[in-house]
Structures are given as C-alpha cells and as structure tokens.
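Undergrad: To convert, note that position 15 of the sequence shown is 25 in this note's numbering; the numbers rise steadily by one, no gaps.
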Amino acid sequence: MKPVSLSFLAVLVLWAVSVVSADIATNKITNRKIILGAKILLGACIAQAFVTYLGYKGDTPVFLLWEFYPMLARHALWSALAGIILWYAEIWPAGDAKFFILVSASLPVVNSQIRNFPNYLFLSLLVNIFVLASIFAVCGFISSGMRSASPGDFLSGLWTDMRKRLSSLGSGKSRLTALAYLFNMIFVFLMQQIFAFEAAGALGRLFSRVEVLYFFIFILWGKIGGVFKGRRLFYLTTCCYLVYFFAGYFFFYDRLALMIITAIVNVLKFSLLLFFGRFMLEFLMEKKDLIYVGAEELSPGMVLSSKESARLKANPVFEGAFDDSFRDGLVAEQVELLRSWLKKLPLENAKMEMVKGRPFALWISAGAAISLLFDRNLVHLLK
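1) Mind checking which residues open and close the alpha helix (DSSP H) that includes I111?
2) From T70 to K12, what distance separates their C-alpha atoms?
3) Relative to the C-alpha of L189, which candidate in V277, F285 and Y66 has its C-alpha closest?
4) Give the range of the alpha helix (DSSP H) segment to which V222 is assigned.
5) Assuming A331 and F109 make a contact with CB atoms under 8 Å, what is their CB distance in whole Å?
6) Taking the continuous beta strand (DSSP E) assigned at I39, which residues delimit it?
7) For K393, collect the residues of the same chain with a Cβ closer than 6 Å to its Cβ; drop the 5 residues on either side in sequence, then sort them by chain order.
8) On the DSSP bridge assignment, give the partners of G304 in chain order.
9) What are the start and end residues of each continuous beta strand (DSSP E) run of 3 or more residues lying completely inside the region 243-329, in chain order?
10) Who are the Cβ neighbours of D385 in its own chain at under 8 Å, not counting the five residues just before and after it?
11) Should S28 be labelled buried (16 or more other beta-carbon atoms within 10 Å of its own) or exposed?
12) Rounding to the nearest angstrom, what Cα-Cα distance links Y254 and G232 in this structure?
13) Thinking just about the alpha-carbon of each residue, which of F285, E77 and M195 is nearest to the one in I270?
14) Contact defined as beta carbons within less than 8 Å: I believe P118 pairs with F127. What is the distance between those atoms, to the nearest angstrom?
15) Check each candidate in R288, Y130, D33 and G93 and name the one with the smallest Cα separation from M81.
16) Assess contact between the region 132-147 and the region 86-96, defined as three or more Cβ pairs (one per stretch) separated by less than 8 Å. Is contact present?
17) For the 8 Å Cβ check, are there 3 or more pairs between the region 93-112 and the region 53-73?
18) In angstroms, rounded to a whole number, what distance separates the CA positions of L186 and G311?
19) Is I34 helix, strand or coil by DSSP?
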C-alpha cells in the first residue's frame, strides 16, 4: 500500500473513532465532524492526484492512472445516492447518511483494488453494515430478554408479539390487493430482465445486477410500497403484459418463458427479504429500544417508532404533518401538535411510542473495516 494511502487510512481511522465516540455519547453526528471528514478525503484525493502527476512524469514507479478518478467520482455518486435514499426512507438520520457517504467514498482511496469498485462497492458496504448491526441487535435483544425473565416466558411473549405483528400485516388486505402486488412486482422484475438482455454497455451491466433493484425498492418500500398494491398500476401492467406476450411471440419467443420465470423467482426472493428483513427484523430491533412518553415528556429530537409513525400518517387530524417523519427526530412544530393532541385524548396520562437513538456510526465504521480487511461482504463470508 502506498504512503499516501497508509497516511490517509491512519487519519481516517482517527476521524472515524472521534465520530463514533461522539455518536455514542450524544446520538448525534455534528456537521463540524462531517466537514472535517470531507476536508480529509479531499486532501487525500489531491495528494493521490499529485502522485499520479509525478508518475506520468516518470518521477515515481507506483501511482494511480488518471482513469481511477472518474471511477472514484462514479462510486461517490452511488454512495451519495444511497445515503440520501436511506435518509429519505427514514432509515437513518442525516448525520449517519453523511458519515456513510464519506466513509464509502474513502474506501477506494485506501485500497484502489477493492472488490466491486466502482459500481457496486456501496452495496457491498451496506450489506456489511446492516447484516452486522442486525445480528448484534437481535442477539442483544434476545440476551437481555433472557436475563430479565425466564426463557420460557420471554420466548412465549416474543412469539405472541410476532403473531400480533403478522396479524397486523395481513389486516385489511384483500385478495385483489395481494394479486395486484404480485402482478405489479413481477412486471417490475420482468422489465429488469428485458433491460438486462437488451441494454448495451454500462447500462446493461447495471440492470443485470438485480441486487441493485432489490436495494432501492427494499429501502424505499415505506414510501413507494403502496403503489405496487394499487389498482391503477395493476390495470396498466395487465395491458403491458398483453403487449409483452404479443411482441415476445414474434421477437424473442425463445426467452419469453425464461424471463417470466426469472421475474417470478426474483419476486419470491424479494418478498422473503422484505418480510424478514424489513417487517420482522425492524419490529424486533425497535422492540428493544421502545420507550413511552407523555405530553410533558415530549421534546424535539425524539424519534417515533415505525408503528407510531404509521398511525400518525394515517390520522387525518394532522393533515400530513407527519408524512415525512425523518430519523433526525421530531421538530418543535411536530412536538407542539402531538402535545396538544395527547392532552385532548379521553385517556389519563396518554403516551406515545418512541425509540431510543442507536449510534449507527459504529456499525458504519465496522462495516467499512470488514470491507477493507476481507475485501467482500458478510453474506459471502458466511457461506
């Protein structure tokens, strides 16, 4: 590893440790820390570019080619898009999203030969982050539950809660809704197959990776999931299916059935991922961090649980005030709305579900460390 990369790695580790320490202590990542990290990354890139310049002059035998820098920019754009989506999808607060973008963009500067660079490194890093965080969160939840009650009572209560969660997921869902979801999702993955076959160059390579589509739909499900269960899209996709089978019979008869079967398999895989990875795992992870607060205890910065957030979004009293309830926490206006509403409820000492902040910078740093040490994601390591 070149001196610039080693020096940058040392400074990056020190910066990451300071961010993680502050996040654990305060559950916040300040903009000052983010700006410092951006300056460190920019300085490393300038130093690497200077070494490249010296290399082309013949003054140093080991250097990065100029082609590396457009690839780094492409990876940084993917990382920024992923970070913004994770924030918009209410998975992370803005500070964690910014920290992820900087850490992800730094990995190729440390190791220019890192696997999956430039187009899929961000996805590999996210797998490491979320798999690691999920394993520790679930193990921690089970461990604390076993210590606080008898194993039999804890497991019995957990099974009861999971059954209630399953029941709530299925309530209000008609057969037509389930059929619409199936038809619409199959069409989405069918289109992915068509683009993968027909698109050329970088676009074709992008669409050939179904994991990218998994990621974006999975993360944004809370925002876009309702669209796939709607009748309008169902009617539109039904018409598209007719066009697909008509055109396919004449132009790609040999792949007609194959693409449909592949799309159905992908929908089944995605549905399992969505069920266990989003609905059940999110439920278990939040259950450990749940707290209940009354009107006087509410304060800006508190984070609504997923269940409470869904209730408030569906409540016409608030007229869309909680449609975007980001993980940065409640703002002062939202706190006043909730405080007034709770006081008007015909319940004594009414409370709301909140979740304690989780210092996710630790898992972002740990995921990056695994990416650098093993040069692959945890799913491959566990095989």
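For glycine and all other residues, C-beta sits at the position ideal for the given N, C-alpha and C.
TA: So, from the listed chains and residues:
1) From DSSP, the alpha helix (DSSP H) with I111 extends over A104 to V120.
2) 11 Å
3) V277
4) V220 to I229
5) With 8 Å as the limit, A331 and F109 do not qualify as a contact, their Cβ atoms being about 28 Å apart.
6) In the DSSP annotation of this structure, I39 is not part of any beta strand (DSSP E), being labelled neither H nor E.
7) Residue confidence for K393 is low, a pLDDT of 45 falling below 50, so the modelled location carries little weight; the figure read from the coordinates is stated next. There are no such residues.
8) K361
9) For the region 243-329, the continuous beta strand (DSSP E) assignments of 3+ residues that do not extend past its boundaries occur at 300-304, in sequence order.
10) N121, I124 and R125
11) exposed
12) 29 Å
13) Comparing alpha carbon positions, the residue from F285, E77 and M195 closest to I270 is M195.
14) For a cut-off of 8 Å, the C-beta gap from P118 to F127 is around 5 Å, short enough to register as a contact.
15) Y130
16) yes
17) With the cut-off at 8 Å, the region 93-112 and the region 53-73 do not touch.
18) 40 Å
19) Note: I34 maps to helix in three-state DSSP.
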